[in-house]
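What follows is a short report on a single structure.
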Amino acid sequence: MNNFLETSQTLVDQFDYLMLDLDGVCYLGAQPVPYAIKTLNRLNSNGLGLFYITNNSSRVPSSVSEQLTGLGLDTRPDQILTSAQATAQRIAEIYPRGSVVLALGGEGVFEALQSVGMKVVTTADGDPIAVVQGWSREIGWAQLSEAVLAIKNGARHFATNLDATLPTERGETIGNGSFVAAVSNATGQPVLSSGKPEDFIYEAAQKLTRSVCPLAIGDRLDTDIRGANAAGIPSMHVLTGVGRVNDVLFAKETDRPRFLAADLRDLDTPYPNIVCDDGVVKCGDDVASVADGIIFLNGETLDTSRDKDCVEVSLNSYRALAHLVWMISDSSTEGINLVLPRIEVIH
Ligand SMILES: [Mg+2]
């Protein structure tokens, strides 16, 4: 994978569509992410296409677009692709209209399957040909057992997504992947997921938008970025959600973003060339280097000062440092053995 950049243009000059994750990119819970709404509105008014891809399968697209519009980002339902819609599209590619499908999950799953002409049921008694499993807070033994009965009777098991956890204000709770694991543990049968990090949802988005040069934007390396990489779509990571600087530095190759940003404002500021040469990486005026296993940023070691528990660096220093750490990691046959302090980007 080529992580090195060829241009110092702004990113928005190079793409026709942004394929944006929602939580951690556009909003955080009920609040908009700082600068996100204003930036997206400005870029959209300049002609850039906006499209939103979410692993949340429980909501219908109109509910998601109403939320974004309520935050000040005018959005239509056809600018949203949920993992339920992606799964329904996959079902429609495999089975004829009118096929009986057992659904678990929220309104989003039921509506998506009905919109592609499936006969949706909630018990195993109707001889379903497939089970589509999405998340709902109502899921319990009864629904999971119907899924198990149907799959043991020959139905194929589909999941909208395999996120093990679901973040809430109180911490991480059970996500769809954990419910799916309960079913597959009982059936021993394989599961086909269509949500991120599968390439299917990004490829479906590209078909829907007819985008020629999309840029995927996300906050999670193991879903947003991995899925974009799998689909061959350039990706940009933002630090406004789950994935932090140190996660990016130590990401495995499949999870590394093509472009590194602090927040969405960085879409329309010049992105300097990354130049790598013999243990030295430059990004604009910032330089990351390694000598005798010690990393230097602009000639100084990455020590934490007495009054801070982390090292604050500029955005271009972060970009140079990430490419340096990736280079060190890739050149090591025994795995990376670097110890770094917690790093934060100051904008
Ligand atoms: Mg997210």
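Residue numbers (this note's numbering): 10 to 356.
Each residue gets a CB set at the ideal place from its N, CA and C atoms; glycine is no exception.
Just so you know, these numbers come straight off a predicted model, no measurement behind them.
At which residues does the beta strand (DSSP E) containing residue i begin and terminate?
i, result
"PRO223", "223–227"
"GLU365", "No information on residue 365 is available, as it lies outside the stretch 10 to 356 that the chain covers here."
"SER244", "244–246"
"VAL354", "351–354"
"VAL296", "295–300"
"LEU306", "303–306"
"SER202", "200–202"
"ILE62", "58–63"
"LYS205", "Where LYS205 is concerned, there is no enclosing beta strand (DSSP E), given that its DSSP letter is neither H nor E."
"LYS128", "128–130"
By the DSSP assignment, the alpha helix (DSSP H) with residue i in it spans what residues?
i, result
"PHE188", "185–196"
"ARG51", "45–54"
"ASP256", "254–258"
"VAL118", "116–124"
"ASP208", "208–218"
"SER108", "Where SER108 is concerned, there is no enclosing alpha helix (DSSP H), given that its DSSP letter is neither H nor E."
"THR96", "92–103"
"GLY236", "235–240"
Identify every residue that forms a DSSP beta bridge with residue i.
i, result
"PRO70", "DSSP lists no partner for PRO70."
"ASP312", "For ASP312, which the question treats as bridged, DSSP gives no partner whatsoever."
"HIS332", "DSSP lists no partner for HIS332."
"ASP286", "VAL289"
"ARG165", "ALA139"
"PRO176", "GLU181"
"LEU37", "GLN40"
"MET28", "PHE60, ALA225"
"THR19", "PRO279"
"ILE89", "TYR61"
Just to confirm before moving on: does the CB-CB distance between residue i and residue j stay below 8 Å?
i, j, result
"ALA213", "SER244", "no"
"LEU230", "VAL354", "no"
"SER326", "ASP286", "no"
"LEU90", "CYS35", "no"
"ALA95", "ILE234", "no"
"GLN88", "TYR61", "yes"
"THR19", "LEU276", "yes"
"THR44", "ASP339", "Residue identity differs from the one stated: residue 44 is Tyr in this sequence, not Thr. Against a cut-off of 8 Å, the Cβ pair of ASP339 and TYR44 comes out as no contact."
"GLY149", "ASP172", "no"
"GLY197", "THR169", "no"
"LEU49", "LEU80", "no"
"GLY115", "SER154", "no"
"VAL189", "VAL157", "no"
"ILE283", "HIS356", "no"
"THR232", "PRO266", "no"
"ILE337", "LEU330", "no"
"THR84", "SER74", "yes"
"LEU111", "PRO86", "no"
Please identify the residue among the options whose C-alpha is closest to the C-alpha of residue i.
i, options, result
"ASN162", "VAL42, VAL200, ASP134, ASP277", "ASP134"
"ILE100", "ASP256, HIS332, MET127", "MET127"
"LEU349", "ARG146, VAL221, ASP22, LEU258", "LEU258"
"ILE103", "ARG165, LEU59, SER54", "ARG165"
"LEU29", "THR263, ILE242, LEU333", "ILE242"
"VAL109", "VAL140, GLY115, THR232", "VAL140"
"GLN98", "PHE119, GLY302, LEU269, HIS356", "PHE119"
"ASP208", "ASN346, LEU217, GLY56, ALA237", "ALA237"
"SER67", "GLY184, ARG253, PRO105, ALA240", "GLY184"
"ASN64", "SER71, GLY58, ASP32, THR84", "ASP32"
"LEU59", "ASP25, GLU321, ASN255, LYS47", "ASP25"
"ASP318", "ARG351, ASP136, ASP256, GLN123", "ARG351"
"PRO105", "ALA121, VAL125, VAL299, SER298", "VAL125"
"PHE268", "ALA260, GLN215, ILE160, TYR280", "TYR280"
"PRO70", "LEU52, GLY117, LEU57, GLY293", "GLY117"
"ASN194", "ILE160, THR174, GLN215", "ILE160"
Contact set, ligand 1 heavy atom to C-beta under 7 Å
ASP30, LEU31, ASP32, GLY33, VAL34, GLY227, ASP228, ARG229, ASP233, GLY250, VAL251
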